[in-house]
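What follows is one structure encoded as structure tokens, with my remarks underneath.
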Amino acid sequence: MAEVEVELIETPEGWSPYLSLEDAQKLDDVREALRQGDLQKASNLAHLYKITPLTV
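Okay, so the sequence shown: first residue is 4 according to the working numbering, each after it adds one.
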């Protein structure tokens with residue numbers, strides 16, 4: 004799981020909030036790096052977490 008910091012842009016128009024093109028590309032880059040198993044690249048762009056299931 005990755006936590007990617009982005010800025011939501013608020014406007015009075017009906018399409019708000021939205022991301023800048025740069026932030027959208029950043030999300031795509033992190034997603035692609037994780038799919039390829041490139042944790043180094045993903046960790047340069049985001050905070051990475053490993054989720055472990057719990058048995059109750």
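Heads up, the beta-carbon is just placed ideally off N, CA and C, and yes, glycines get one too. Note that the structure is predicted; figures quoted are calculated from it, not measured.
{"Asked": "Burial state of Val33, where buried means 16 or more other Cβ atoms lie within 10 Å", "Found": "buried"}
{"Asked": "Beta-carbon contacts of His3 that lie in its chain and below 6 Å, excluding the five residues immediately before and after", "Found": "Because the chain is modelled from 4 through 59, residue 3 falls outside the range shown and cannot be assessed."}
{"Asked": "9 Å Cβ cutoff met for Glu10 and Leu24", "Found": "no"}
{"Asked": "Own chain partners of Tyr52 with C-beta closer than 8 Å, once the 5 adjacent residues on each side are dropped", "Found": "Met4, Ala5 and Glu6"}
{"Asked": "Separation of Leu42 from Trp36, as counted between CA atoms", "Found": "Looking at the sequence itself, residue 36 is Ala, so the reference to Trp does not match. If I take the Cα positions, the gap works out to 7 Å."}
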